[in-house]
Amino acid sequence: MHVDWSALGKVAAVSLGVTVAVVVVFTFGVLGLSRAEADGSGSAPAGRAQAALCFLACAAVVAYGIYLIVPQFH
Amino acid sequence: MDHITFLVAVVIVTALAFDFTNGFHDTANAMATSIATGALKPRTAVLVSGILNIVGAFLSTEVAKTISGGIVDDTRVSPAMIFAGLVGAILWNLVTWLAGLPSSSSHALFGGLIGAVWVGAGSHGVHFDKVAEKVLIPAVASPVVAGVAALVATYLAYKLSARARQDSVTKGFRLGQIASASLVSLAHGTNDAQKTMGVITLTLISAGALGHDAGPPVWVIGAAGVAIGLGTYLGGWRIIRTMGKGLAEIQSPQGFAAETASTTVILTSAHLGFALSTTQVASGSILGAGLGRRLAEVRWGVAGRMVLAWLITLPSAALVGGLAASVVKHGGNAGTAVIALVALALAAVIVAASRRNPVRADNVNDHHEVNLRNPAPTNVGTAA
């Protein structure tokens, strides 16, 4: 039986890294949103900018995911 | 079309039936947590998932070139064995659905084929080393990887968002869930509909209706896509309940982390050539997400039953597939017809049994348990 440990390790490392990165960035986006929605804090525009930037980064990852799914793009 | 014999026609119909059970068995993988957290209404979720499955089926052109990815010797496989294997896979999918257990449709298909080929062509028709490499290793590794990723991501998401406005947090992650769940559905359509297309195409080639190295005809792509899409839209509500409510109480940040982990693991391994079970990945993610939130309840009893179902899926489907293969082998067309009728009857019995305590779109989130019998009514006024 041949087990490709290096490929397995790569899947594990990439999956862990990407998942944590996406969720953390998305959480920062949500935090920005929550600041933007908080009343009278004065930091609403900054919060909105933070949210927009983070969600844009996540959207880019999603776009790359779709690129990986659709073989016509390769 | 004179190449299409009775047997080939039966194989095609059976393959589409399997595709259909594959669809409703796996709706939960993409949508269970979105439904449980209220990110999507149950009906909307299955509609989105069904459509994306059909889209996925049409998107991918890389049709499976082997029936099984090399775990059985394809040159020894006859349409009769494929039929028997599919019957084994379908029946096992229905039994686990009745019990509300998320088991792997791919393992059921592999198991059915292994059993049928073993009986039909002898044990040398089965490549056991490939079974270990392609089925066992990913089956152990992928849920663990997905679970750890979801656990870490969930922990960080809660830690970082602890002091934020909780209604903004819930709303934000719900929106994120819609995107991540949709991506799981799309990946599912490109993978699982392909399997059925591959089976049908290879059957047609072996019957001489298509040339060697032919791609699937448009009607095969369309039929396979629609079968899995309809199955998905029907919604395996029993399994959705187990995955969304049964394994752990899931909130929207956990749902988002779980779905992100599933998507990443599925896409990375597909990219690096690992065949894995979407179901097992998604279940691993949900357990990880359950553990990642402190004090979150993980129902280990449910998880244990689920893992037991994973362990016996391949052998059970192999047993049914082998049994069906021995009847088909000795009975010819008459044997095929008998097996088809028996399978239909068993399927009808299972569906009838599910009616005794149905799980539907409108009650999927009410409990966390899937029982065969109606639990004793606890609240007055909900008779029938």
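Heads up: the sequence lines are chains A and B, in that order.
Note that the numbering used here numbers the first sequence so that position 14 is 14, with each residue one more than the last.
Note that the numbering used here numbers the second sequence so that position 171 is 171, with each residue one more than the last.
C-beta: ideal position from N, C-alpha, C; glycine also.
Cut-off 6 Å between Cβ atoms - residues of its own chain near residue i, not counting five sequence neighbours on either side
i: B/Gly-284; result: Pro-143, Ala-146 and Gly-147
i: B/Asn-371; result: Asn-357
i: B/Glu-249; result: Glu-297
i: B/Ile-12; result: Ile-200
i: B/Arg-294; result: none
i: B/Glu-369; result: none
i: B/Phe-20; result: Ala-227 and Gly-231
i: A/Cys-54; result: Val-25, Phe-28 and Gly-29
Top-ranked residue by Cα proximity to residue i, from the options
i: B/Asn-53; options: B/Ala-32, B/Ser-185, B/Asp-73 and B/Lys-134; result: B/Ser-185
i: B/Phe-58; options: B/Gly-225, B/Ala-361, B/Gly-198 and B/Leu-210; result: B/Gly-225
i: B/Pro-315; options: B/Trp-92, B/Lys-245 and B/Ile-51; result: B/Trp-92
i: B/Gly-244; options: B/Thr-21, B/Asn-363 and B/Val-55; result: B/Asn-363
i: B/Ile-82; options: B/Ser-269, B/Val-95 and B/Lys-329; result: B/Lys-329
i: B/Thr-14; options: B/Val-87, B/Ala-164 and B/Gly-56; result: B/Val-87
i: B/Ala-181; options: B/Val-48, B/Gly-332, B/Asp-366 and B/Arg-360; result: B/Val-48
i: A/Gly-47; options: A/Val-30, A/Ala-60, A/Gly-9 and A/Lys-10; result: A/Val-30
i: A/Val-22; options: B/Trp-300, B/Thr-96, B/Ala-257 and B/Ala-318; result: B/Ala-257
i: B/Thr-232; options: B/Val-10, B/Phe-6 and B/Asp-26; result: B/Asp-26
i: B/His-164; options: A/Val-18, A/Val-11 and A/Ala-36; result: The residue asked about is misnamed: residue 164 of chain B is Ala in this sequence, not His. The shortest C-alpha separation from B/Ala-164 is found at A/Ala-36.
i: A/Val-11; options: B/Ser-269, B/Met-197 and B/Lys-130; result: B/Ser-269
i: B/Gly-56; options: B/Asp-366, B/Lys-195, B/Ala-149 and B/Lys-41; result: B/Lys-195
i: B/Arg-403; options: B/Thr-242, B/Phe-128 and B/Val-359; result: Look at the range of chain B in this structure, 1 to 384, and you will see that residue 403 of chain B is not part of it.
i: B/Asp-192; options: B/Ser-123, B/Phe-18 and B/Ala-337; result: B/Phe-18
i: B/Ala-108; options: B/His-271, B/Val-10, B/Ala-347 and B/Leu-319; result: B/Leu-319
i: B/Leu-267; options: B/Ala-187, B/Ala-214 and B/Asn-22; result: B/Ala-187
i: B/Val-46; options: B/Ala-227, B/Trp-237 and B/Pro-217; result: B/Trp-237
i: A/Ser-6; options: B/Asp-129, B/Ala-141, B/Leu-16 and B/Lys-41; result: B/Ala-141
i: B/Ala-179; options: A/Leu-53, A/Ala-59 and A/Leu-8; result: A/Ala-59
i: B/Val-220; options: B/His-212, B/Leu-204, B/Leu-234 and B/Asp-213; result: B/Leu-204
i: B/Ile-339; options: B/Val-349, B/Ala-324, B/Gly-332 and B/Val-351; result: B/Ala-324
i: B/Lys-130; options: B/Ala-303, B/Val-307, B/Leu-344 and B/Phe-274; result: B/Phe-274
i: B/Val-281; options: B/His-367, B/Asn-22, B/Leu-344 and B/Thr-260; result: B/Thr-260
i: A/Gly-9; options: B/Leu-272, B/Ser-161, B/Arg-43 and B/Thr-279; result: B/Leu-272
i: A/Gly-17; options: B/Val-307, B/Leu-156 and B/Ala-132; result: B/Leu-156
i: B/Val-119; options: B/Ala-84, B/Thr-96 and B/Ala-132; result: B/Ala-84
i: B/Val-218; options: B/Met-197, B/His-212 and B/Gly-211; result: B/Met-197
Beta-carbon proximity of residue i to residue j, cut-off 8 Å
i: B/Ser-103; j: B/Thr-313; result: yes
i: B/Met-31; j: B/Ile-240; result: yes
i: B/Gln-254; j: B/Ser-34; result: no
i: B/Thr-75; j: B/Gly-292; result: no
i: B/Ile-51; j: B/Gly-229; result: yes
i: B/Val-117; j: B/Gly-125; result: yes
i: B/Ala-139; j: B/Ser-277; result: yes
i: B/Gly-189; j: B/Gly-321; result: no
i: B/Leu-414; j: A/Val-62; result: Outside the modelled stretch of chain B, which goes from 1 to 384, sits residue 414 of chain B, for which no answer is possible.
i: B/Ile-114; j: B/Ile-71; result: yes
i: A/Thr-27; j: B/Thr-264; result: no
i: B/Arg-305; j: B/Leu-101; result: yes
i: B/Val-327; j: B/Gly-335; result: yes
i: B/Ala-361; j: B/Gly-235; result: yes
i: B/Ala-149; j: A/Ser-43; result: no
i: B/Phe-24; j: B/Asn-333; result: no
i: B/Leu-94; j: B/Ile-350; result: yes
i: B/Thr-279; j: B/Ser-161; result: no
i: B/Pro-388; j: B/Ser-262; result: Within the shown structure, residues of chain B are numbered from 1 to 384, placing residue 388 of chain B beyond reach of any answer.
i: A/Gln-50; j: A/Gly-32; result: yes
i: B/Ala-309; j: B/Thr-96; result: yes
Proximal residues to residue i (C-beta, below 8 Å), its chain only, five neighbours per side dropped
i: B/Val-380; result: Any answer about B/Val-380 is weak, because its pLDDT of 43 lies below 50 and its placement is not dependable; what the coordinates show is given next. No residues qualify anywhere along the chain.
i: B/Leu-151; result: Gly-288, Ala-289, Leu-291 and Gly-292
i: A/Ile-69; result: none
i: B/Leu-127; result: Looking at the sequence provided, one finds His at residue 127 of chain B rather than Leu. Counting only Cβ-Cβ distances below 8 Å, and skipping sequence neighbours, we find Gly-70, Ile-71, Val-72 and Asp-73.
i: B/Tyr-158; result: Pro-253, Gly-292, Arg-293 and Arg-294
Bridge-paired residues (DSSP) for residue i
i: B/Val-72; result: B/Val-126
i: B/Val-298; result: B/Ala-248
Close-in-space but distant-in-sequence residues of the same chain around residue i (CB under 7 Å, 5 per side omitted)
i: B/Ser-252; result: Thr-37, Ala-39, Thr-170, Phe-173, Arg-174 and Gln-177
i: B/Ala-353; result: Leu-98 and Leu-372
i: B/Thr-378; result: Because B/Thr-378 carries a pLDDT of 46, less than 50, the predicted location of this residue cannot be relied on, and the following value inherits that uncertainty. Closer than 7 Å at the Cβ level, and outside the excluded window around B/Thr-378, lies no residue.
i: A/Tyr-67; result: Phe-73
i: B/Leu-346; result: Leu-91
i: B/Val-359; result: Trp-237, Arg-238, Arg-241 and Val-370
Residue i Cβ short of 7 Å to the ligand MN heavy atom set
i: B/Thr-260; result: Of ligands this structure carries none, so the ligand MN is not represented either.
CB contact below 8 Å: residue i versus chain D
i: B/Ser-161; result: Given the protein chain composition of this structure (A and B), no chain D is represented.
Members of the stretch 110-136 of chain B near chain A, C-beta cut-off 8 Å = Asp-129, Ala-132 and Glu-133
message = Which residues of the stretch 169-191 of chain B have a Cβ closer than 7 Å to any Cβ of chain A? Give them in chain order.
response = Val-169, Gly-172, Phe-173, Gly-176, Ala-179, Leu-183, Leu-186, Ala-187 and Thr-190
task = With 7 Å as the C-beta to C-beta threshold (strictly closer), list the residues of the stretch 4-25 of chain A near chain B in chain order.
result = Ala-7, Leu-8, Lys-10, Val-11, Ala-12, Val-14, Ser-15, Leu-16, Val-18, Thr-19, Val-20, Val-22, Val-23 and Val-24
Chain-ordered residues of the stretch 31-63 of chain A with a beta carbon less than 7 Å from chain B = Leu-31, Leu-33, Ser-34, Glu-37, Ala-38 and Val-62
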